[in-house]
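Scroll down for the structure; my scribbles are underneath it.
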Amino acid sequence: MPEGPEIWRAAARIAGSLGSGPLTSVVVGLERLEPLEGALLGACVLAVRPRGKALLTSFSTGHTLYSHNQLYGVWRVARAGAALPPTTRALRLSLSTAQGTAALYSATDVELWPTDSVHEHPFLQRVGPDVLDPDVDLDAVTARLRTFPRRRSRLGALLLDQGFFCGVGNYLRAEILWTASLHPSRTLASLSDDERGALAAALLEVPRASLRFRSARGERRFTFAVFGRAGRPCPRCGEAVVRTTDGGRRLYLCVTCQPL
DNA sequence: CTTTAAACCTGCTGGC
DNA sequence: TGCCAGCAGGTTTAAA
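In our numbering, the protein residues as written are 2 to 261.
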């Protein structure tokens with residue numbers, strides 16, 4: 002159940018395990034993907050780039066693999082000679098070089114595109130800036146909050162819309178709103194300058210903190226302030242965290258820190 | 001334009 | 001042990 006940080010981390014692991022050498026093995030687990038074997042065998046991986054929750058793996062053949070983990074997909078990697086951990090999940094695609102293997106399980110949203118036109122993919126065509134992209138800075142986020150057209154949409158809905166910013170999912174939504182002290186029913190139109198600044202900062206800081214904390218081995222994991230913590234004290238004011246539903250998804254908030 | 005509901009993909013958990 | 005219902009850190013589409 003990955004959001005941006007998990008996908009960014011997967012991208013690094015995949016790139017690290019495959020290296021730049023030619024693919025020595027391509028195994029597919031979906032009939033639809035059979036053409037990938039012939040198309041990619043012997044190809045070199047040029048880059049593994051995340052785009053929000055999508056992953057773009059480009060090859061020397063001029064092809065780019067689009068993959069999306071959806072709710073349940075998972076990438077596993079292993080060094081050459083080492084076995085992938087055993088699993089009951091369905092293997093969808095496995096790529097191997099002399100250096101290692103990267104394998105995608107369960108997710109079915111996998112397509113091979115010409116690199117030239119992969120930006121025309123229906124998902125990629127409509128995504129907004131990636132909150133984990135190092136080139137996206139506070140000024141860019143603040144400007145987008147000022148000019149984004151849907152001024153009267155609830156922030157709860159907006160944050161999950163990948164066309165607004167991509168890479169934000171359900172746990173990040175809750176943590177971002179809490180960090181900015183904003184109620185999910187607030188709208189862009191209603192924000193004061195200070196509130197807009199707080200939201201812009203949280204949009205960048207929270208996903209980056211999640212990526213940072215879980216990436217370092219041995220370091221403590223990113224801990225949620227409110228997500229999944231119904232009834233437990235808000236880390237800021239001590240009031241009990243509340244679980245609600247917002248746009249059909251569960252949402253946690255502190256009604257004291259995030260008043261309407 | 002905005003919100004809600006349903007559908008779809010798959011995996012896991014808990015109850016019976 | 002086996003089956004089913006319900007939920008899920010996602011997205012798209014249709015309908016209200």
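For glycine and all other residues, C-beta sits at the position ideal for the given N, C-alpha and C.
Check: To the nearest angstrom, report how far apart Val119 and Ser154 are at their CA atoms.; Outcome: 30 Å
Check: Need the endpoints of the alpha helix (DSSP H) that Leu160 sits in, please.; Outcome: 156 to 161
Check: May I have the straight-line CA-CA distance separating Leu66 from Pro23, to the nearest angstrom?; Outcome: 15 Å
Check: Let me check understanding here. Comparing Cα to Cα, which of Phe228, Val75, Ile15 lies closest to Thr180?; Outcome: Phe228
Check: Considering only C-alpha positions, which residue in the set Thr98, Ala99, Gly170, Val75 is nearest to Leu88?; Outcome: The question names Leu, yet the displayed sequence has Thr at residue 88. Thr88 has its Cα closest to that of Val75, out of Thr98, Ala99, Gly170, Val75.
Check: Taking 7 Å as the limit between beta carbons, can you name the residues of its chain near Ser61, skipping five residues before and five after?; Outcome: Ala44, Cys45, Leu47
Check: Going by beta-carbon coordinates alone, are Leu105 and Leu94 separated by less than 9 Å?; Outcome: yes
Check: What whole-angstrom Cβ distance do Pro208 and Leu133 have, given they're in contact under 8 Å?; Outcome: 5 Å
Check: In the DSSP assignment, find the unbroken alpha helix (DSSP H) run with Pro36 in it and report its ends.; Outcome: 36 to 41
Check: Within the continuous beta strand (DSSP E) that includes Val142, where are the two ends?; Outcome: It is not in any beta strand (DSSP E) - Val142 instead sits in the alpha helix (DSSP H) that spans 139 to 148.
Check: Between Leu189 and Arg174, how many whole angstroms is the CB-CB distance? I'm expecting something under 8 Å.; Outcome: Rounded, the Cβ-Cβ distance is 15 Å, inconsistent with contact.
Check: Assuming Tyr73 and Ser107 form a contact by the criterion Cβ under 8 Å, report the distance between their Cβ atoms to the nearest whole angstrom.; Outcome: 5 Å
Check: For Gly39 versus Asp117, is the C-beta spacing smaller than 9 Å?; Outcome: no
Check: Give me, in chain order, the residues of the same chain whose beta-carbon lies closer than 6 Å to that of Pro51; leave out the 5 immediate sequence neighbours on both sides.; Outcome: Ile8, Trp9, Ala12
Check: In chain order, what residues of the same chain lie with their CB nearer than 6 Å to the CB of Val137, ignoring the 5 residues before and after it?; Outcome: Pro130
Check: Output the distance between the C-alpha atoms of Leu57 and Val128, rounded to the nearest integer angstrom.; Outcome: 14 Å
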